[in-house]
Every structure is written in C-alpha cells, then in structure tokens.
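**Q** With the numbering used here applied, the sequence shown covers 423 to 831. Cβ atoms here follow ideal geometry from the backbone N, Cα and C, with glycine treated the same way. Structure provided below as structure tokens; questions to follow.
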Amino acid sequence: MRTDGFDTVRLLLRNYSEQANKEIHSLKDPKDIYAKKKEILDYFTNVVYKEQDLSELLSSFFERWGFEKKFKFTIAIIDLEMINNDTIPIYQNEGFLNRKRPNTGVRTSLSDNFKEKIMVNWFNLEDNNYRFIFEYYIDFSDKQKVILKETSVFLAMSILSILVVVIIFMITYKNLMEEKRLSDLKTDFINNMTHELKTPLSTITVAGKTLEMKQIRDDDAKILETAKLIGKQSVHLNQLINMILEISMWERTQFQLDKKTVEIEEIMNDVIDSFKSGGGNNASIYKKYNFGGAKVDLDIVYFTTLLNNLLSNAVKYSEKQPVIDIEGFWQDNNICIKVSDNGIGINKIDQKHIFDKFYRASTGNIHKFKGLGLGLYYVKKITEAHGGDVTVSSKPGKGSIFTVTLPKN
Ligand code: ADP
Numbered sequence: 423m424r425t426d427g428f429d430t431v432r433l434l435l436r437n438y439s440e441q442a443n444k445e446i447h448s449l450k451d452p453k454d455i456y457a458k459k460k461e462i463l464d465y466f467t468n469v470v471y472k473e474q475d476l477s478e479l480l481s482s483f484f485e486r487w488g489f490e491k492k493f494k495f496t497i498a499i500i501d502l503e504m505i506n507n508d509t510i511p512i513y514q515n516e517g518f519l520n521r522k523r524p525n526t527g528v529r530t531s532l533s534d535n536f537k538e539k540i541m542v543n544w545f546n547l548e549d550n551n552y553r554f555i556f557e558y559y560i561d562f563s564d565k566q567k568v569i570l571k572e573t574s575v576f577l578a579m580s581i582l583s584i585l586v587v588v589i590i591f592m593i594t595y596k597n598l599m600e601e602k603r604l605s606d607l608k609t610d611f612i613n614n615m616t617h618e619l620k621t622p623l624s625t626i627t628v629a630g631k632t633l634e635m636k637q638i639r640d641d642d643a644k645i646l647e648t649a650k651l652i653g654k655q656s657v658h659l660n661q662l663i664n665m666i667l668e669i670s671m672w673e674r675t676q677f678q679l680d681k682k683t684v685e686i687e688e689i690m691n692d693v694i695d696s697f698k699s700g701g702g703n704n705a706s707i708y709k710k711y712n713f714g715g716a717k718v719d720l721d722i723v724y725f726t727t728l729l730n731n732l733l734s735n736a737v738k739y740s741e742k743q744p745v746i747d748i749e750g751f752w753q754d755n756n757i758c759i760k761v762s763d764n765g766i767g768i769n770k771i772d773q774k775h776i777f778d779k780f781y782r783a784s785t786g787n788i789h790k791f792k793g794l795g796l797g798l799y800y801v802k803k804i805t806e807a808h809g810g811d812v813t814v815s816s817k818p819g820k821g822s823i824f825t826v827t828l829p830k831n
C-alpha cells in the first residue's frame with residue numbers, strides 16, 4: 423500500500439468529500455443517493471486521474487521498473503467509502519462499483535478503451551470523510567508502436583549503415599572488376615604484341631638463314647627478293663614499335679597538333695591512294711566527297727593515321743572482298759567523314775568499348791585478325807585532339823560505319 427505523494431489529491435478530495443458527505447447524509451430517496459454516489463465516484467476518478475501527483479508517481483514507478491513512460495496508463499477505482507469520524511462507513515460503493523479487474527470491465531469510464539492492461543500498483547487513500555482504493559494499469563496494446571518509435575532512430579541508423587556498407591561494397595566490387603578488366607586488357611595486349619612482333623622477326627630470321635644458303639647467294643633475283651622481304655618486315659616492326667612508343671608518350675604529354683591549312687579532298691585522296699598502293703589494293707573503294715574544294719586546318723600526319731586506321735580495319739575485319747564507301751560532306755559547319763564497309767560488323771556490347779585502349783572484340787584475341795587494340799583508340803584520340811568526335815554504327819555480319827566529325831577550324 424502506498425499513499426505518499428498524493429498531497430494535492432488528498433487536499434482536493436478532503437474538501438470535496440466533507441461537503442459530499444453532508445449532502446449524501448441528508449438524502450432519503452435511493453435514486454438521489456445513487457446519483458450522488460455516482461457524482462462522488464466521477465469526481466474522485468477525475469481528481470486522481472488528472473492530478474500531476476499521479477503522473478509523477480507513475481513516472482517514478484516506470485523508471486524504477488524500467489518501463490517505458492510512453493505507454494498509456496489508467497486507474498480503476500475498486501473501493502470507495504464515505505466514512506464518519508469513527509471510520510465507520512456511511513455509504514459504501516456496492517451497487518455501482520464492482521471489484522472486477524478492468525480487463526473484465528470495471529466501471530470507470532477512463533479505462534474503457536484499454537486493450538492489454540496490466541495492473542502495476544494499487545493505492546489506499548483514507549481521510550476524515552472517505553476511504554478510497556484504486557489500482558492503476560498500463561496499457562501495453564501499443565507496445566509495437568512504442569517499441570518502433572523508440573527503436574526507429576536505431577533502425578534508421580542500422581539501415582543507413584547497411585546501405586553505406588552495400589554502397590562501399592558495390593564501389594569496391596566495381597573498382598575490382600574495372601581493375602580486372604584493365605589487367606585482362608593488358609595481358610591480352612602483351613600476348614597480341616608478342617605475337618605481332620614475333621611474326622616479322624621470325625620472317626627476318628628465316629630470310630637471314632636463306633641468305634646464308636649457297637644456292638640463294640648465287641641467284642641475284644632471290645637475294646633481291648629476300649632483301650626486300652627483310653626491308654618490308656623491318657619497316658613493319660619499326661611501325662609496331664613506334665606505335666607502342668607513341669602511346670606511352672601520349673599518356674605522359676599533351677597531344678601536340680601541328681596544324682596546316684589544307685584542301686580536305688586533296689589530303690583524303692592522297693591517303694586513299696597510298697593506302698591502296700600499300701596493301702589495300704584488294705579492296706573496292708568508292709569516294710563520295712562533297713566539300714566544294716574547301717580548305718581546313720588539320721594535322722596532316724595524325725589525320726593520315728586516322729583515315730588509314732579506319733581503312734585498314736575495314737579491310738582487315740572483312741571475310742569477303744572488301745567494299746568501302748568513303749563519304750565526305752559538311753554538316754553544320756563540321757567536316758563529316760563516313761567510312762562504311764561490308765565486313766564482319768561489331769556487336770552492340772563491343773561497340774561500347776572498341777575505342778578503349780587495347781580493347782579487341784572477342785574474336786580479335788584468337789589471332790584470327792591480328793592487332794593490338796590501339797587503332798581505334800588512336801582514331802578517337804586524334805579526333806578529340808582536333809575538337810571532334812568519332813562514332814560507330816554496325817550490324818554483325820552486315821558491316822560497319824565509322825563517322826568522324828571535325829570542326830572546320
Ligand atoms: P585492332 O584492330 O588492333 O584490334 P582497333 O582499335 O583498330 O584494334 O579495333 C578494336 C576492335 O574493333 C577490333 O579488335 C575489332 O574487333 C573491332 N573493329 C574495328 N574496326 C572494325 C571494322 N571495320 N569491322 C569490324 N570490327 C572492327
């Protein structure tokens with residue numbers, strides 16, 4: 423039994439009950455007595471329920487027992503007696519109060535909407551004019567809501583940390599994949615380069631051995647032919663080495679263009695002619711230019727490399743007689759050059775990567791088509807250095823179209 427901490431309640435009830443006791447004493451009609459009792463009960467209920475004392479008591483109780491203060495609580499008056507000075511009850515509560523627990527429906531209006539009640543304490547308050555017992559209850563029906571509210575910050579933080587971990591994991595995974603891709607590219611490049619360098623080298627070695635043979639040394643025509651072969655392979659070897667050297671230089675220094683004002687049609691004709699004479703003569707090349715003899719600023723050496731790479735790819739990646747269309751026209755004051763072929767074409771996935779350094783489409787790595795995966799990387803670098811762009815559109819089995827756009831100046 424605890425009755426401490428109810429000073430305000432006591433004061434209010436004392437004043438009220440003194441008067442109420444007198445009033446109820448003077449009543450004769452049972453109906454009036456019943457109504458008065460009900461009035462007294464309501465008053466007591468309201469006072470106890472509303473008074474700060476109770477809330478404070480409950481708070482300290484909650485704290486002591488480690489309950490959450492956010493739960494709803496209620497009281498249930500289980501006994502109320504109006505007593506005289508000798509503590510003899512004058513009027514008891516029977517008839518409208520019963521001692522049933524609230525979860526079976528006690529008659530206090532304040533506890534009606536409580537679902538999961540647990541009685542946590544009871545009080546016996548006694549004074550000159552009344553004796554009063556009440557219990558108080560906590561409603562745990564809201565526990566999920568309360569727990570959720572209480573844990574929401576931790577929950578949000580946990581979700582956030584999980585998210586951060588997932589994001590970090592994804593970034594790490596992406597980086598790892600990118601590193602693996604680059605490392606695969608490098609390995610492929612080294613394999614391809616070794617293969618590429620070995621071919622002219624072994625030809626030169628065999629040619630050298632041939633020259634040592636007596637019957638060859640006596641045949642001038644054969645010597646000349648072998649010497650030409652050695653020369654050709656040496657040039658090729660030199661080109662390969664230059665290509666590799668050049669790329670490492672590009673990585674270290676800014677692309678330096680040596681622009682000259684030239685007639686675009688003239689320079690394109692020169693490139694195509696020398697391409698034809700240098701091995702591209704098995705290809706049918708159709709020129710369709712419409713530049714109107716305009717002059718533009720270009721780095722001739724790089725532009726030649728650009729066009730050469732596109733032409734040699736058009737021939738290299740073809741399994742039938744190569745047919746190449748070269749279109750040239752103005753588009754919004756830009757030079758537009760389209761190189762179309764009837765070759766093997768490029769699938770959608772490879773199209774996204776063919777301009778990357780060392781990238782070779784999957785069939786490229788099995789040495790069916792020789793290469794280092796640098797030709798289109800050069801094309802891209804050169805167009806960008808001129809302030810332009812290069813794109814591809816292709817259908818596997820049908821052919822490819824490379825479009826180079828360069829600003830006029
Ligand atoms: P390389 O020819 O040395 O492999 P490139 O950078 O020139 O390197 O080309 C990259 C890849 O793009 C090639 O491996 C090839 O698969 C594809 N490719 C380039 N041009 C063509 C083309 N005209 N037709 C089909 N595939 C091409």
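#1: Among Ile694, Lys644, Leu502 and Gly797, which residue has its Cα nearest to the Cα of asparagine 546?
#2: Given this structure, state the Cα-to-Cα distance separating leucine 732 from glutamate 668, to the nearest angstrom.
#3: Quick check on valine 586: buried or exposed, where buried means 16 or more other Cβ atoms within 10 Å of its Cβ?
#4: Give a yes or no on whether the C-beta atoms belonging to aspartate 561 and serine 439 are separated by under 8 Å.
#5: Figure out for me which residue from Lys803, Lys644, Lys472 and Gly793 has the closest Cα to the Cα of glutamate 673.
#6: Note the first and the last residue of the continuous beta strand (DSSP E) segment covering methionine 541.
#7: Can the beta-carbon of leucine 659 be found closer than 8 Å to that of tyrosine 781?
#8: Measure the Cβ-Cβ separation of threonine 805 and valine 814 and say whether it is below 8 Å.
#9: Take lysine 397 as the anchor and find which of Ser699, Asp610 and Val588 has the nearest alpha-carbon.
#10: For a minimum of 4 consecutive residues, which ranges assigned as the alpha helix (DSSP H) are wholly contained in the segment 664 to 748?
#11: Helix, strand or coil for aspartate 501? Go by DSSP, reduced to three states.
#12: With a CB to CB cut of under 6 Å and the five nearest residues on each side skipped, what residues in its chain are close to glycine 517?
#13: If you reduce the DSSP assignment to three classes, tell me which class isoleucine 768 lands in.
#14: Should lysine 738 be listed as close to the ligand ADP, given that the test is whether its C-beta is under 7 Å from any heavy atom?
#15: Can you tell me whether methionine 504 is buried or exposed, with buried defined as 16 or more other CB within 10 angstroms of its CB?
#16: On a Cα-Cα basis, can you pick out the residue from Gly795, Asp642 and Lys654 that is closest to isoleucine 626?
#17: Please tell me whether, using a cut-off of 7 Å, the distance from the CB of glutamate 668 to the nearest non-hydrogen atom of the ligand ATP is below it.
#18: Can you tell me whether leucine 796 is buried or exposed, with buried defined as 16 or more other CB within 10 angstroms of its CB?
#19: Rounded to whole angstroms, what's the CA-CA distance from isoleucine 569 to aspartate 451? Just pull it up for me.
#20: Give the DSSP-derived three-state secondary structure of lysine 760 in the structure shown.
#21: Between the C-alpha atoms of asparagine 691 and threonine 621, what's the straight-line distance to the nearest angstrom?
**A** The answer reads as follows:
#1: Comparing alpha-carbon positions, the option among Ile694, Lys644, Leu502 and Gly797 lying closest to asparagine 546 turns out to be Leu502.
#2: Glutamate 668 has its alpha-carbon roughly 18 Å from the corresponding atom of leucine 732.
#3: The residue is exposed, with fewer than 16 neighbouring Cβ atoms inside 10 Å.
#4: Their beta carbons are not under 8 Å apart, which means aspartate 561 does not touch serine 439 by this criterion.
#5: The shortest C-alpha separation from glutamate 673 is found at Lys803.
#6: Unbroken beta strand (DSSP E) run through methionine 541: 539 to 548.
#7: In this structure, tyrosine 781 does not lie closer than 8 Å to leucine 659 by Cβ.
#8: In this structure, valine 814 does not lie closer than 8 Å to threonine 805 by Cβ.
#9: Outside the shown range of the chain, which is 423 to 831, sits residue 397, and nothing can be said about it.
#10: Segments of the alpha helix (DSSP H) lying fully in the segment 664 to 748: 686 to 699 and 722 to 738.
#11: The answer is strand: DSSP assigns aspartate 501 an E or B state.
#12: With a pLDDT of only 40 at glycine 517, under the threshold of 50, the placement of this residue in the model should not be trusted; the figure read from the coordinates follows. Only residues of its own chain outside the window of five on either side were considered, and among them none has a CB closer than 6 Å to the CB of glycine 517.
#13: In the structure shown, the three-state DSSP call for isoleucine 768 is coil.
#14: Distances taken from the Cβ of lysine 738 to the heavy atoms of the ligand ADP include one shorter than 7 Å.
#15: Flag for methionine 504 reads buried.
#16: Ranking the options by Cα distance to isoleucine 626, first place goes to Lys654.
#17: Judged by which ligands are present, the ligand ATP is missing from the structure shown, whose ligands are the ligand ADP.
#18: So leucine 796 ends up on the buried side.
#19: Taking the CA atoms as reference points, isoleucine 569 sits about 52 Å from aspartate 451.
#20: In the three-state reduction of the DSSP assignment, lysine 760 falls in the strand class, which pools E and B.
#21: Rounded to the nearest angstrom, the two C-alpha atoms are 31 Å apart.
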